[in-house]
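Those sequence lines, one after another, are chains A and B.
The first sequence: position 180 = 180 (this note's numbering), numbered continuously.
The second sequence: position 250 = 1250 (this note's numbering), numbered continuously.
Where is the CB? At the ideal position from N, CA and C, for every residue including glycine.
First the structure, in the form of structure tokens, and then the observations on it.
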Amino acid sequence: MRHRPRQTQPAEHPVPAASDTSPSGQVLALDIRGVSKHFRHKGKNTLALDNVDLHVQPGEFICLLGPSGCGKSTLLNIVAGFMKADSGTILSQGTPVTKPGADRCVLFQQPTLYSWMTTKQNVMFGPKMTGMDKTAASERAAELLDIVGLGAFQNHYPHQLSGGMRHRVAYARALINKPNILLLDEPFAALDAITRVSMQNFLLELWQQERTTILFVTHDVEEACLLADRVCVMSARPGRVHAISTVDIPRPRTQATVESQVFIENRRALRTTLEETLGQQEAVVQ
Amino acid sequence: MSGTLSNPPTAILDPRLATGDAKPSLGGRLSELMRRRYLSVVSIVGALVIWELIAVLIVRDPVFLPTPIATVGALIHYWDRPYPSQGKPLWYDTYISLIRILVGFAIGTIIGIIIGGLMAAVRPIRSIIDPFIELTRPLPPLAFIPLLLVWFGLGETPKIVLITIGVIPIVTVSTAAAITDVPAELLHAARCLGASEFQTAVYVQIRAALPQIITGMRLAMGISWTSIVAAEFVAATAGLGYVILQAGQFLRTDLIFAGVLIIAVLGITLDALLRLLKSRIDPAGRSAQ
Ligand SMILES: Nc1ncnc2c1ncn2[C@@H]1O[C@H](COP(=O)(O)OP(=O)(O)OP(=O)(O)O)[C@@H](O)[C@H]1O
Ligand SMILES: [Mg+2]
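See below:
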């Protein structure tokens, strides 16, 4: 169980900048340093990310929260290696990021399973590509499918599974590579309300069990509050880190947590922080 | 590590999970199939009966309209006897046409897949080839028959080339479209799972495009039959088109129908083989077929 003193630190004074280790001396799971990115579209320049810094501890669950267009997806795509930053560096466990890799696994809004492969073959895709020992991979795949509750569906094809089940296969497929960090861009946004809640529970339990570092993009305050250790609140135009809030709610968390007093307090604080960014934005517009 | 998450979330929500079986029951599928097949069989038999009745009761002229029974009779009779007397038996004409189709179709498909793949992979190549495809696509391949005869003479070459030039644009366009239509997220997902760019192209992009490429091949197969029959009308001494033309000149309508029947059976068979191939590699499309 984690318990941190609640604090909201302004982003202008982040952890000592020129070090890729956490205070405890561990190598950071993800170290984003001074990342900027602009887009030119029809002759108009958009500064999507302006000098963004973010330091993610190993095993941490961190949410990116911010209004639409503040550059959350852009940042995630740069971390994943799908996109190049204009400036700044990104270190994944101390190694500079230049291209996509199995150390940073993205989970999309769609489960993106391969329709011609069975559940088990989908999970074993990564090990097959990286040339991992086949029997070991097969054992681990079966184990992971058990963990996500799909042990009985190893030989089913994706179209024979429900939407929620497909998503859970996608998590097993990601975890088999032992990624250093999971990158999730509004993974539950396309789901119906019931599946969304069950996937949130699923992710909480999975994280509790596997302790994979997770960077989770959302624009839902409640979701951020329920899932995260820390929330990186971003402001738009240009996309900046406005504040990094620590969510001071004991774990393990469940849907019942949502009703607790401490949750309500945290959510109120987080909402206030988010509203500050909107206020800024309006001030810029006026 | 090894424990199962206590509450597999969707289990309660998905009725298929109750039995642990995501497929509809075998009995249900069979009876569904029987019902559909039953109607098809009834409609075919009905059409044959109507044809027989019209031929016997209304037309009453076997030269103008032979009965279905006479057609099958002519087919069986000439299957291993030459027609016309200086020609070849039907099985030989069938064999000749089939070889021409298969060779021309295979060459055209291979070339089409290569060009289509290059178009999808390299932007400039696409820009270079696109206008030619757009230009040749509306042209009926049959318009090239006289030219091909001038260039290649009367042998097998002009027939095979004709089929090939009918197949290439169709397969090229469907291959290029199939490969570029693969959602980018499928490719991104592969890179995140440790696949190299090359592995992603081969194991995900091309693999995901295969069902749509085969759909293009089915279209091209239809065109191939048109091409071969037309070519055999114009310049051939064997083949189903040649037999049909000869039979027409001798007013043997029963043999014309027999030739058409063989083409229909072969066409349906080859298409069924392609459909089978598609359903083997595309499990998601199986139920839709
Ligand atoms: N390919 C692109 N070309 C031009 N502009 C882009 C491109 N991608 C993003 N942008 C711009 O960059 C800014 C940040 O976009 P991004 O998609 O990262 O926002 P977001 O925070 O993910 O928003 P949302 O919550 O709506 O998903 C936006 O102003 C957007 O218009
Ligand atoms: Mg986004």
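Residues that residue i bridges to, as DSSP identifies them
i: H38(A); result: L47(A)
i: M369(A); result: Chain A is shown from 1 up to 286; residue 369(A) falls before or after that span and cannot be answered.
i: V56(A); result: L30(A)
i: V185(A); result: In the sequence under discussion, the amino acid at residue 185(A) is Asp, which differs from the Val named in the question. According to DSSP, D185(A) bridges with V217(A).
i: K1088(B); result: Y1083(B)
i: V106(A); result: L183(A)
i: I62(A); result: L215(A) and R230(A)
i: T246(A); result: R230(A)
i: T273(A); result: The partner list for T273(A) (beta bridge, DSSP) is empty, contrary to what the question assumes.
i: T95(A); result: S92(A)
i: S87(A); result: S36(A)
Closest Cα partner of residue i within the set the options
i: L1118(B); options: V1049(B), V1171(B), G1241(B) and L1251(B); result: V1171(B)
i: I1101(B); options: A1184(B), G1153(B), V1161(B) and V1045(B); result: V1161(B)
i: P179(A); options: T212(A), A190(A) and A152(A); result: T212(A)
i: I1206(B); options: A1231(B), A1178(B) and A1220(B); result: A1178(B)
i: E275(A); options: G131(A), H219(A), M132(A) and Q209(A); result: H219(A)
i: H156(A); options: S138(A), S115(A), L191(A) and L182(A); result: S115(A)
i: M199(A); options: N177(A), S162(A) and C232(A); result: S162(A)
i: T254(A); options: C105(A), L64(A) and C225(A); result: C225(A)
i: I1263(B); options: E1052(B), K1278(B) and L1090(B); result: L1090(B)
i: M1221(B); options: G1112(B), T1200(B), R1191(B) and V1234(B); result: G1112(B)
i: T74(A); options: R237(A), A172(A) and S260(A); result: R237(A)
i: A102(A); options: T257(A), L175(A), D248(A) and V231(A); result: L175(A)
i: V221(A); options: R271(A), Q209(A) and I249(A); result: R271(A)
i: P1183(B); options: G1155(B), W1051(B) and T1200(B); result: T1200(B)
i: L47(A); options: Q93(A), S235(A), S260(A) and T246(A); result: S235(A)
i: I1244(B); options: K1088(B), I1099(B) and Y1038(B); result: K1088(B)
i: A190(A); options: G164(A), G131(A) and F202(A); result: G164(A)
Cβ separation of residue i and residue j, assumed to be a contact under 8 Å, to the nearest whole Å
i: L49(A); j: G239(A); result: 5 Å
i: L113(A); j: R166(A); result: 6 Å
i: D1093(B); j: A1247(B); result: That belief does not hold up - the Cβ atoms of D1093(B) and A1247(B) are roughly 11 Å apart, past 8 Å.
i: A85(A); j: K44(A); result: Rounded, the Cβ-Cβ distance is 20 Å, inconsistent with contact.
i: A228(A); j: C63(A); result: 4 Å
i: L1261(B); j: T1071(B); result: 6 Å
i: L1259(B); j: L1277(B); result: According to the sequence as given, residue 1259(B) is Gly; it is not Leu. Wrong, their Cβ atoms sit about 27 Å apart, outside the cutoff.
i: F153(A); j: T119(A); result: 5 Å
i: V231(A); j: V52(A); result: With 8 Å as the limit, V231(A) and V52(A) do not qualify as a contact, their Cβ atoms being about 15 Å apart.
i: P111(A); j: V148(A); result: P111(A) to V148(A), Cβ: 12 Å. No contact.
i: I1213(B); j: T1175(B); result: 5 Å
i: V1167(B); j: T1109(B); result: 6 Å
Exposure of residue i, with buried meaning 16 or more beta-carbon neighbours within 10 Å
i: F39(A); result: exposed
i: V1122(B); result: exposed
i: D1021(B); result: Only weak support exists for where D1021(B) lies, its pLDDT of 44 falling under 50; the coordinates are left without a value.
i: E60(A); result: buried
i: Q26(A); result: exposed
i: N122(A); result: buried
i: H55(A); result: buried
i: D185(A); result: buried
i: P158(A); result: buried
i: Q1249(B); result: exposed
i: W207(A); result: buried
i: K42(A); result: exposed
i: R173(A); result: buried
i: Q57(A); result: buried
i: A1190(B); result: buried
i: K99(A); result: exposed
i: V1173(B); result: buried
i: M1034(B); result: exposed
i: T1157(B); result: exposed
i: G993(B); result: Within the shown structure, residues of chain B are numbered from 1001 to 1289, placing residue 993(B) beyond reach of any answer.
i: V247(A); result: buried
i: R1029(B); result: exposed
i: F1105(B); result: buried
i: Y1038(B); result: exposed
field: the segment 1070-1078 of chain B in contact with the segment 1244-1255 of chain B per 3-pair CB rule at 8 Å
entry: These segments touch.
task: Pair every Cβ in the segment 1187-1196 of chain B with every Cβ in the segment 121-133 of chain A, then say whether three or more of these pairs are closer than 8 Å.
output: Proximity of the segment 1187-1196 of chain B to the segment 121-133 of chain A meets the contact definition, three or more beta-carbon pairs being nearer than 8 Å.
message: Count Cβ pairs between the segment 1226-1241 of chain B and the segment 1136-1152 of chain B that sit closer than 8 Å; are there 3 or more?
response: The segment 1226-1241 of chain B makes contact with the segment 1136-1152 of chain B: 3 or more CB pairs, one atom from each, lie closer than 8 Å.
query: Is the segment 209-228 of chain A close to the segment 65-82 of chain A, with three or more CB pairs under 8 Å?
result: Flag = yes, the segment 209-228 of chain A and the segment 65-82 of chain A touch.
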